[in-house]
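One rule links them: number in our numbering = place in the sequence shown (from 1) + 74.
We put the CB at the ideal spot given by N, CA and C, even for glycine.
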Amino acid sequence: MSVNLLKMFACVLVVAACTQSEPSAENIEAGKGLPRVYTVNYPLAYFAERIAGESVEVVFPVPSGVDPATWSPDAETIADYQQADLVLLNGAGYADWIQRATLSQSRLVDTSAALADSLIPVDDSVTHSHGPGGDHSHQGTAFTTWLDMELAVGQARAVFDALVRLRPENETDFRERLTELEKDLGGLDTRLKVVAERVGDQPLLFSHPVYQYLVRGYGLNGRSVHWEPDEIPGDDQWRELFELLGAHNAGWMIWEDEPLPEAASLLESMGIESLVFRPCGNRPAEGSLLSVMLENVATLEQAFPAPASVVSY
Ligand SMILES: [Zn+2]
């Protein structure tokens, strides 16, 4: 190779290195010494990222578009979990693959263990299917714990305790960040309480039985069907809805994601409006758990606005 060619080759390498969107070699190198924290859902990854910042490596390996509650990792990913320094579990029966994998008990932390008395048993044996995950039922314990912000705070504190055990030298820093996180969750809690007051006891429908903690935490009068936002409900599902409406005359259906326009307009023709409240179990394409929850709350506030204040002249 001529000297000129070598120079050109070197230039190409430099350009390639600078335009890479993947983490740089330095970052990978820097990450090597950090404790690795694996989580089973995105809210726990978010809490760990907020509290620990750059001082641990948080890994949430569930592919986007998949519900982490019913996901099953492949052997390679299970091996990654086995090698993690800490595995943050949601508890409440979430991610039942955990029961079948051999993970070191000493590295597992159930973030809802201290909240055991607050967990909601479900008596719902209806099995239904979700995309590639296949059939599942909602029997056992309701698991979308973080939709009650008080429980979310409890889980964030359990994440904090586990991270401090991992990096005791960072405790002061972690505590400061936990306080910030608690402030954000507390802000959501306050707004949810205010809007729930306006909703009162008017009947609400939920598209899927994953809102139990929101319903209980904020005193809502909600009942669930088993619908998917990306599917047109079948005859059985409509029948289930009609039966429900007999005793529960709802004007709103709350969805996990934007429903198909056809499903929404069919509901609208029955006097039922649709709104989206994303549980955010998986990492959103944009934003964070906080921004998604802020959007959820704003959607509720818009659907149930404060009565116009009386203006006196
Ligand atoms: Zn389901």
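Closer than 8 Å: residue i CB and nearest ligand 1 heavy atom
i: Pro147; result: no
i: Val284; result: yes
i: His322; result: no
Buried or exposed by the 16-neighbour rule on C-beta atoms within 10 Å, applied to residue i
i: Ala104; result: In this predicted model, Ala104 has a pLDDT of only 49, less than 50, meaning its place in the structure is not dependable; the value taken from the coordinates is given anyway. With fewer than 16 other Cβ atoms within 10 Å, it is exposed.
i: Met367; result: buried
i: Gly355; result: buried
i: Phe316; result: exposed
i: Gln276; result: exposed
i: Thr176; result: exposed
Three-state class that DSSP yields for residue i in the structure shown
i: Ile346; result: coil
i: Glu131; result: strand
i: Ser281; result: coil
i: Ile328; result: strand
i: Arg181; result: helix
i: Gln376; result: helix
i: Pro307; result: coil
i: Asn370; result: helix
i: Ser298; result: strand
i: Leu163; result: strand
i: Ser211; result: strand
i: Pro335; result: helix
For residue i, the first and last residue of its enclosing beta strand (DSSP E)
i: Asn323; result: Element bounds for Asn323: n/a, residue is neither H nor E.
i: Gly155; result: Residue 155 is actually Tyr in this sequence, not Gly. Looking at the DSSP string, Tyr155 is not in any beta strand (DSSP E); the run it does join, the alpha helix (DSSP H), is Ala149 to Gln157.
i: Gly260; result: Where Gly260 is concerned, there is no enclosing beta strand (DSSP E), although the alpha helix (DSSP H) it sits in stretches over Glu245 to Val273.
Boundaries of the alpha helix (DSSP H) in which residue i is found, first to last residue
i: Thr113; result: Premise fails: Thr113 lies in the beta strand (DSSP E), Arg110 to Thr113, not in any alpha helix (DSSP H).
i: Arg352; result: Element bounds for Arg352: n/a, residue is neither H nor E.
i: Arg124; result: Tyr116 to Ala126
i: Leu288; result: Gln286 to Gly291
i: Arg231; result: Met223 to Leu240
i: Arg174; result: Trp171 to Arg174
Counting Cβ pairs closer than 8 Å, one from the segment 218 to 236 and one from the segment 316 to 329, do we hit at least three? They do not touch, by the three-pair rule.
So, do the segment 108 to 119 and the segment 167 to 181 have three or more beta carbon pairs nearer to each other than 8 Å? Between the segment 108 to 119 and the segment 167 to 181, the count of Cβ pairs shorter than 8 Å is three or higher; the stretches touch.
Would you check if there are 3 or more beta carbon pairs closer than 8 Å linking the segment 295 to 310 to the segment 258 to 265? The segment 295 to 310 vs the segment 258 to 265: no contact.
Check whether the segment 120 to 137 touches the segment 241 to 257, taking contact to mean three or more Cβ pairs, one atom from each stretch, closer than 8 Å. Counting C-beta pairs closer than 8 Å gives three or more between the segment 120 to 137 and the segment 241 to 257, which meets the contact rule.
Counting Cβ pairs, one atom from each stretch, are 3 or more of them under 8 Å apart for the segment 356 to 375 and the segment 290 to 298? With the cut-off at 8 Å, the segment 356 to 375 and the segment 290 to 298 do not touch.
Within 8 Å, do at least three Cβ pairs link the segment 136 to 147 to the segment 184 to 198? Result no; under three Cβ-Cβ pairs closer than 8 Å.
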